[in-house]
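J.: In UniProt numbering, the protein residues as written are 8 to 465. Backbone N, C-alpha and C fix where the C-beta goes; we use that ideal spot for every residue, glycine too. Mind looking over this structure? Questions follow.
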Ligand code: ARG
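If you want it as structure tokens, here you go:
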């Protein structure tokens with residue numbers, strides 16, 4: 008056998024540097040299970056079609072079983088000389104079973120082989136991520152439910168805007184995570200198509216049965232153009248885009264946890280196990296985990312851009328550029344998986360400081376809109392009501408009090424339409440209860456949203 012699977016037409020060996028530069032085995036060996044699965048399905052099809060003998064298939068199956076054991080036990084000798092996961096396994100197979108090993112690659116190229124391996128790998132990763140999103144969502148719903156009626160200031164421009172409940176605020180993140188899961192499920196459909204059979208780029212002259220291989224490997228259908236099958240990585244880019252959005256959502260939540268935990272805000276405390284101390288300042292408890300989620304989001308965004316850039320200038324069909332797809336893809340999946348695992352636990356470790364949230368509502372005239380709406384219901388056009396309440400807020404600011412602290416007479420100075428029923432709408436709880444439509448922050452609506460969410464989770 009020649010030193011390399013392809014060295015027959017070469018007159019000099021590659022240098023050690025080029026060998027190292029072109030090899031991918033250090034990182035693509037994590038697709039070994041998928042590579043073996045794909046090879047077994049391919050071999051089974053070759054035997055069924057009479058392209059290899061039944062005895063060859065038996066040898067290949069026996070050899071692959073041993074290789075799988077060796078890999079599982081950590082005894083497989085990965086070799087840089089054999090470039091990638093595909094050639095390493097094929098070489099070992101041939102060493103173990105002889106000619107049958109050399110027949111495995113009939114009607115196949117590493118180009119359709121690697122595209123198949125990545126799709127199998129990514130399909131598993133997506134399924135794992137979907138399950139982890141579910142775990143995160145369940146825990147998020149528990150915390151939201153416990154706080155369905157816990158008032159806190161809702162912000163726009165980071166200025167106190169209107170009262171909401173903490174449960175309602177958390178349910179916003181539930182909605183985001185639901186869309187993240189939808190996107191991943193949708194992406195999975197396009198991941199789950201079989202490239203094998205495309206061979207190097209043009210297909211193959213052997214009488215192959217691609218549908219059979221697709222069914223063996225659980226693919227929904229085959230890739231219908233051989234050039235496209237080996238060359239595009241849009242399915243991986245799409246996954247990274249969905250992952251970047253998922254991380255962006257968790258990054259926003261992280262930013263809020265960090266802000267809420269700041270002593271200047273003091274809305275929550277995070278469990279100690281997600282924080283670290285300072286080596287110099289003995290009093291510190293820093294929210295390191297959410298900060299790292301925020302930081303790692305940058306890394307995931309970077310991988311998305313890396314893959315888009317990798318693809319944009321490539322002519323059809325396969326180019327070695329595509330070997331660079333794996334590390335960003337693996338890293339993205341790893342980062343998302345770890346982040347979701349940590350978040351599911353961290354979210355249950357939030358200690359809510361309900362009194363601080365309620366106190367904060369006293370500082371921002373959070374019920375000013377409710378007063379304007381009250382005047383509208385008494386017959387004032389909304390723009391006039393807005394103006395009247397703005398003057399009331401200015402007066403309250405000058406006096407250093409909140410709107411409900413004014414007497415009835417003081418309030419009537421801003422509009423004669425004010426009656427003594429006004430104080431009911433100026434309270435936080437009145438404001439919350441009045442937002443009683445679907446998607447509103449009234450505690451009953453928040454509970455309904457949580458119940459709806461639970462029924463979709465199953
Ligand atoms: N290691 C390669 C990759 O990851 C496998 C395909 C190599 N094909 C080739 N014609 N050199 O893309």
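Return yes when the Cβ of residue 354 is within less than 8 Å of the Cβ of residue 135, no when it is not.
T.: Not closer than 8 Å, so no.
J.: Nearest to residue 436 by alpha carbon, out of 106, 365, 444, 413?
T.: Here the closest residue by C-alpha is 365.
J.: Between which two residues does the beta strand (DSSP E) harbouring residue 357 extend?
T.: Its beta strand (DSSP E) spans residues 357-359.
J.: For residue 86, does the count of other Cβ atoms within 10 angstroms reach 16, so buried, or fall short, so exposed?
T.: So residue 86 ends up on the exposed side.
J.: Can you find the residues in the same chain that come closer than 6 Å, C-beta to C-beta, to residue 109, ignoring five residues on each side of it along the sequence?
T.: Excluding sequence neighbours, residue 109 sits near 101.
J.: Check residue 166 in the structure and name its three-state DSSP category.
T.: Residue 166 falls in the strand class under three-state DSSP.
J.: Quick one: residues in its chain with C-beta nearer than 6 Å to the C-beta of residue 91, no 5 flanking neighbours on either side, listed in chain order?
T.: Closer than 6 Å at the Cβ level, and outside the excluded window around residue 91, lie 31, 32, 35.
J.: Which value, in whole angstroms, describes the spacing of the CA atoms of residue 461 and residue 390?
T.: The straight-line gap from Cα to Cα measures roughly 41 Å.
J.: Using a threshold of 7 Å, is the CB atom of residue 325 nearer than that to any non-hydrogen atom of ligand 1?
T.: Answer for residue 325: yes, Cβ within range of ligand 1.
J.: For the putative contact between residue 38 and residue 215, defined by C-beta atoms under 8 Å, what is the C-beta separation to the nearest angstrom?
T.: Actually they do not touch by this definition, with Cβ atoms about 22 Å apart.
J.: For residue 297, which three-state DSSP category applies?
T.: In this structure, residue 297 counts as helix in the three-state DSSP scheme.
J.: Just checking residue 36 against ligand 1 - is the residue's beta carbon closer than 7 Å to any of the ligand's heavy atoms?
T.: False, no ligand heavy atom lies under 7 Å from that Cβ.
J.: Counting Cβ pairs, one atom from each stretch, are 3 or more of them under 8 Å apart for the segment 117-129 and the segment 62-69?
T.: Short answer: they don't touch.
J.: Ligand 1 heavy atoms versus the CB of residue 27: any closer than 7 Å?
T.: No.
J.: Span of the beta strand (DSSP E) holding residue 96?
T.: That residue, residue 96, is in no beta strand (DSSP E); its alpha helix (DSSP H) goes 92-104.
J.: Whole angstroms is fine: what's the gap from residue 410's alpha carbon to residue 374's?
T.: So the two alpha carbons sit approximately 8 Å from each other.
J.: Going by other Cβ atoms of all chains shown within 10 Å of its Cβ, with 16 needed for buried, is residue 47 buried or exposed?
T.: With 16 or more Cβ atoms within 10 Å of its Cβ, residue 47 is classed as buried.
J.: Out of curiosity, what's the CA-to-CA distance linking residue 133 and residue 58?
T.: Straight-line Cα distance between these residues: approximately 34 Å.
J.: Do residue 180 and residue 260 have their C-beta atoms within less than 8 Å of each other?
T.: Yes, Cβ-Cβ distance for residue 180 and residue 260 is below 8 Å.
J.: What is the residue span of the alpha helix (DSSP H) that residue 58 lies within?
T.: Where residue 58 is concerned, there is no enclosing alpha helix (DSSP H), given that its DSSP letter is neither H nor E.
J.: With C-beta atoms as the reference, is residue 202 less than 8 Å away from residue 76?
T.: Against a cut-off of 8 Å, the Cβ pair of residue 76 and residue 202 comes out as no contact.
J.: Using a Cβ-Cβ cutoff of less than 7 Å, which residues in the same chain neighbour residue 463 once the five nearest sequence positions on both sides are dropped?
T.: The answer is none, since no qualifying residue turns up.
J.: Does the segment 262-269 come close enough to the segment 288-297 to have 3 or more Cβ pairs within less than 8 Å?
T.: These segments touch.
J.: Please report the straight-line C-alpha distance between residue 254 and residue 335, rounded to a whole angstrom.
T.: So the two alpha carbons sit approximately 15 Å from each other.
J.: Excluding sequence positions up to five away, which residues of its chain have a Cβ less than 6 Å from the Cβ of residue 379?
T.: Excluding residues within five positions, the ones whose Cβ falls inside 6 Å are 392, 393, 396.
J.: For residue 382, decide whether its Cβ has a neighbour in chain C, counting only Cβ atoms nearer than 8 Å.
T.: The displayed structure is made up of one protein chain only, and chain C is not part of it.
J.: Using DSSP's beta-bridge definition, name the partner residues of residue 228.
T.: DSSP output for residue 228 lists 200 as bridge partner(s).
J.: Could you tell me which of 127, 22, 117 sits nearest to residue 223, measuring between CA atoms?
T.: When only C-alpha atoms are compared, the closest one is 127.
J.: Could you round the C-beta distance between residue 172 and residue 448 to whole angstroms and report it? I think they count as a contact, below 8 Å.
T.: About 6 Å; that satisfies the 8 Å criterion.
J.: I'd like the span of the beta strand (DSSP E) that includes residue 277, first residue to last.
T.: Where residue 277 is concerned, the enclosing beta strand (DSSP E) stretches over 275-277.
J.: Between residue 323 and residue 238, how many whole angstroms is the CB-CB distance? I'm expecting something under 8 Å.
T.: Between residue 238 and residue 323 the Cβ distance is about 5 Å, and since that is below 8 Å, they are a contact.
J.: For residue 360, does the count of other Cβ atoms within 10 angstroms reach 16, so buried, or fall short, so exposed?
T.: Buried is the call here.
J.: Pick helix, strand or coil for residue 288, following the three-state DSSP scheme.
T.: Of the three classes helix, strand and coil, the one that applies to residue 288 here is coil, per DSSP.
J.: Below 8 Å on the Cβ atoms is my guess for residue 301 versus residue 258; work out the distance and round it to an integer in Å.
T.: So it is a contact: roughly 5 Å between Cβ atoms.
J.: Ignore the nearest five residues each way along the sequence and tell me which others in residue 168's own chain have a CB closer than 6 Å to its CB.
T.: Result list for residue 168: 161, 162, in chain order.
J.: How far does the alpha helix (DSSP H) with residue 438 in it extend, from its first residue to its last?
T.: Residue 438 -> alpha helix (DSSP H) spans 435-441.
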